[in-house]
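Here the structure comes first, spelled out in structure tokens, and everything after it is commentary.
Number of protein chains: 2
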Amino acid sequence: MVKNTYCVIMAGGVGARFWPKSRKTMPKQFLDILGTGKSFIRSTFERFLPIVPKENFLVVTNQSYKELVLEHLPELTDKQVLCEPIGRNTAPCIAYAAYSLLKQDPDARMIVTPSDHLVLNEPDFQSIINECLEFATAEGALMTVGIQPTRPETGYGYIQKSNNERISRVKCFTEKPNLELAQTFVECGEFFWNSGIFIWSVKAIVEAFQHHLPEHHALFSSILNDYGTEREKTAIEQVFSECKAISIDYGVMEKADNVYVRCGDFGWSDVGTWGSVYQLSEKDKYENAVVAEACYTYSTERTFISLPKGKIAVVNGLKDYIIVDTPDALLICPRSEEQSIKNYIDDVRFENGEKFI
Amino acid sequence: MVKNTYCVIMAGGVGARFWPKSRKTMPKQFLDILGTGKSFIRSTFERFLPIVPKENFLVVTNQSYKELVLEHLPELTDKQVLCEPIGRNTAPCIAYAAYSLLKQDPDARMIVTPSDHLVLNEPDFQSIINECLEFATAEGALMTVGIQPTRPETGYGYIQKSNNERISRVKCFTEKPNLELAQTFVECGEFFWNSGIFIWSVKAIVEAFQHHLPEHHALFSSILNDYGTEREKTAIEQVFSECKAISIDYGVMEKADNVYVRCGDFGWSDVGTWGSVYQLSEKDKYENAVVAEACYTYSTERTFISLPKGKIAVVNGLKDYIIVDTPDALLICPRSEEQSIKNYIDDVRFENGEKFI
């Protein structure tokens, strides 16, 4: 564990795809969707704790989630939670953390991670992150972590590597492909899932902003004196109101020439949909996955059932369904229709306002 | 409204068929299953209030429901709730009320009614009851009310009348028939549904007990001095522990020769199952019946949905289902499987004990 290693957890997402369990006031990263006993953000924090001293974590989130972050990560101080006044995609989020660290510790090495993914094999994961930290420091590289694909997933971005080294220069980033392209990617062997995890020195990423997103560089470096002071809140509000929303992949990674990928296979999932939760869950002999104290199923197969604490259900005659119950909203829909959840939310909002959103 | 007219509401049932909404601690008669804003027992009470002075109601129920009865019918005094120590079917229930009234008012005219049925046309109903009261008083008859059948229902008992008079002597009582027999009954025109409502003078029913259920007569008349005193509770416990469980139909009505039926058509239902609640409920253009603040249905037809207050649901892809949600138990089952609810309860009880029953 090295004193100048920092971990930046990006936790500003709303996660509407897990409605009705996720809400605007309680997004996915604060939920224990998989029934592990820990929220995603808590698991993420603990996953990096063997590598990063607890005082070196930063969480970037929306102002409205600050209390939730501190509740889930009571080891952190108030100052370790950076509040975005508004979501502007990943580049401004990462810039906020990077320029804060630039002031605090110019030799900082920085890991950036989503707050709501799953990693099953933590030891393998940690040794890969350590390897990336060393490489990034030695080479001034912008490192990404790629995941060995196991299926032609159309919901992920892909990274193409340029050679067979364990750590390879990146040839190309690709947004979510269609099924045909995804199949070609998986067969070809050069393509890996983009985990959204980045490792770099603060100097390297700041330099990359300077070259590839000069407006963002100008904005975030202009308030360097304000980070960590009582002026920070006002300053960052101004910067966020002026800076363009753009992803780090599109704004920096696809353009820089010192981008490398370390590919691995450590039981990763972005747990992006109820369907992926179903896939990851333990199933009974009828392939039902039940997250509940008790559930009685009859003529029911390949169905995912999630109930609130203390609640039971009797379910008869459903095949390939998602049933998610919460104290104030119940969802019953075919697994094949899970992409419609956003439409359901729109319909609920249209009639009921924000109450159930 | 005549001072010696009394109404006995039988409210001891458990109503397991409405699980998970009905529970041992909250049976059907105390629920507002149809979303009318009133419980069944409250509606029953109000239905008879134009005919019977409020101090002339008696409710016979289990000891454990006494507080619930007084909560739903705050017009009643403690003494108007007769508590059975144990359910012994309808004959002992009616005997308890009849012999209590015999002591209190030997000239009493007595209406006996279930507590959990529906009547849509109350004016017609009330004029039929008044007609029955007059006939029963004039003729010393044991009167029943028959319902014009609208379908070959196999869940009801039938009464065959012996002629075409408005009030006819009963030829025969029949228990729940099979479908073939029910079809014959409906076509034949002589058969009517047994509403479980009886009208008679106390003298006539006591005389009938004396002839047809002499053991019950002996038991209930032996404690005549105890009704309305502080000895009543102990005395009635003794009587119930000794008396045989038997229905009034089987024990008295099928045997007596002064049994008459007044047939009518006043929008009656025993509301015996979720299916009958579905049939009685208002439906949307996809024939869904929803009892909820808000429910968003997609590709969903002929489905009954009942949600707790303040809860919403999104339901996609269900045809002919029953969805009943409560704070601690959810039921999803095909409408064709509603007779399985008793099996579900057995399975829940086997694993979870009485908690959700």
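Chains as they are written, first to last, in our numbering: chain L, 1 to 357; chain D, 1 to 357.
C-beta: ideal position from N, C-alpha, C; glycine also.
Is the CB of TYR296(L) under 8 Å away from at least one CB in chain D? For TYR296(L), the answer is yes, since a Cβ of chain D falls inside 8 Å of its Cβ.
Per DSSP, what are the beta-bridge partners of ARG169(D) in this structure? Answer is TYR260(D), bridged to ARG169(D).
For TRP19(L), which three-state DSSP category applies? TRP19(L) sits in coil when the DSSP states are folded into three classes, being neither helix nor strand.
Per-residue DSSP class, three states only, for ALA363(D): Limits of chain D in this structure are 1 at one end and 357 at the other, which puts residue 363(D) out of reach.
Whole-angstrom distance between PHE18(D) and ASN4(D), CA atom to CA atom: Between the alpha carbons of ASN4(D) and PHE18(D) lies a distance of about 36 Å.
Does the CB of PHE356(D) have a neighbour CB from chain L at under 8 Å? Interface residue (Cβ-Cβ distance to chain L less than 8 Å): PHE356(D) is classified as such.
Would you say the region 36-45 of chain L touches the region 69-76 of chain L, given that touching needs at least three Cβ pairs under 8 Å? Under the 8 Å Cβ criterion, the region 36-45 of chain L counts as touching the region 69-76 of chain L, having at least three qualifying pairs.
How big is the Cα-Cα spacing for GLU165(D) and VAL259(D)? Going by C-alpha positions, GLU165(D) is about 14 Å away from VAL259(D).
Determine the direct distance from the alpha carbon of ASN62(D) to that of ASP270(D), and round the result to whole angstroms. About 20 Å.
In or out: PRO327(L) buried (at least 16 other Cβ within 10 Å) or exposed? By the 10 Å Cβ count, PRO327(L) comes out exposed.
Output yes if chain D places a C-beta closer than 8 Å to the C-beta of ILE9(L); else output no. No, its Cβ sits nowhere closer than 8 Å to a Cβ of chain D.
Name, going along the chain, the residues of the region 301-322 of chain D whose beta-carbon falls closer than 8 Å to a beta-carbon of chain L. Sequence-ordered contacts of the region 301-322 of chain D with chain L read LEU307, GLY310, LYS311, ILE312, ALA313, VAL314, VAL315, ASN316, GLY317, LEU318 and TYR321 [C-beta pairs closer than 8 Å].
Per the DSSP calculation, ALA359(D) is bridged to which residue(s)? One cannot answer for residue 359(D) here, as it falls past the ends of chain D, which runs 1 to 357.
If you measure from the beta carbon of ASN352(D) to each beta carbon in chain L, is any gap under 8 Å? Cβ-Cβ to chain L under 8 Å: yes for ASN352(D).
Taking Cβ positions only, does VAL348(D) come closer than 8 Å to chain L? Among the residues facing chain L, VAL348(D) is included, as its CB has a counterpart in that chain under 8 Å away.
Of all the options GLU207(L), PHE220(L), SER100(L) and ILE159(L), which has the alpha carbon lying nearest to the alpha carbon of SER195(L)? Closest option to SER195(L), Cα to Cα, is ILE159(L).
Supposed close pair LYS311(L), ALA329(D) - CB separation, criterion 8 Å: For a cut-off of 8 Å, the C-beta gap from LYS311(L) to ALA329(D) is around 7 Å, short enough to register as a contact.
CB contact check: ILE332(L) to chain D, cutoff 8 Å: Output row for ILE332(L): interface = yes.
Cβ pair TYR6(L), LEU58(L) closer than 8 Å: With contacts defined by Cβ atoms closer than 8 Å, TYR6(L) and LEU58(L) form a contacting pair.
Is it true that the region 119-131 of chain L meets the region 263-279 of chain L, where meeting means three or more beta-carbon pairs spaced less than 8 Å apart? Yes, the region 119-131 of chain L touches the region 263-279 of chain L.
With which residues is CYS83(L) paired in a DSSP beta bridge? Looking at the DSSP assignment, CYS83(L) forms a beta bridge with THR61(L).
How would you list, in chain order, the residues of chain C whose beta-carbon sits under 8 Å from the beta-carbon of ASP325(D)? In the structure shown, chain C cannot be found, because the protein chains are L and D.
Below 9 Å on C-beta distance, what does TYR344(D) contact in chain L? Chain order gives the chain L residues near TYR344(D) as TYR296, TYR298, VAL314 and ASN316, where near means a beta carbon separation below 9 Å.
Please report whether the beta-carbon of GLU287(L) lies at a distance below 8 Å from any beta-carbon of chain D. For GLU287(L), the answer is no, since every Cβ of chain D falls outside 8 Å of its Cβ.
Give the DSSP-derived three-state secondary structure of TYR286(L) in the structure shown. The answer is coil: DSSP assigns TYR286(L) none of H, G, I, E or B.
Rounded to the nearest angstrom, what separates ILE51(D) and PHE209(D) at their Cα positions? The straight-line gap separating the alpha-carbon atoms of ILE51(D) and PHE209(D) is approximately 26 Å.
State the beta-bridge partners of ASN4(L) as determined by DSSP. DSSP output for ASN4(L) lists no bridge partner at all.
So with CB distances below 8 Å, who are the chain L contacts of SER340(D)? Here the neighbours are TYR298 and ASN316.
So, does the region 146-155 of chain D touch the region 293-300 of chain D, judging by three or more C-beta pairs under 8 Å? No: the two stretches stay apart, fewer than three of their Cβ pairs being nearer than 8 Å.
Strand pairing of LEU142(D), partner residues [DSSP]: Residue pairing of LEU142(D) in beta bridges, as defined by DSSP: VAL259(D).
Sort PRO214(L), ASN225(L), THR273(L) and ARG349(L) by Cα distance to LYS244(L) and report the nearest one. Answer by Cα proximity: PRO214(L).
Rounded separation between THR229(L) and THR113(L) - CA only: Distance between the alpha carbons of THR229(L) and THR113(L) is about 25 Å.
Chain-ordered chain L contacts of GLU337(D) [CB-CB under 9 Å]: What GLU337(D) touches in chain L: TYR298, SER299, ASN316 and GLY317.
When you compare only the Cα positions, how much space is there between ARG151(D) and LEU280(D)? Our two residues, ARG151(D) and LEU280(D), have alpha carbons roughly 14 Å apart in a direct line.
With a 10 Å radius around its C-beta and 16 neighbouring C-beta atoms as the bar for buried, classify LEU120(L) as buried or exposed. By the 10 Å Cβ count, LEU120(L) comes out exposed.
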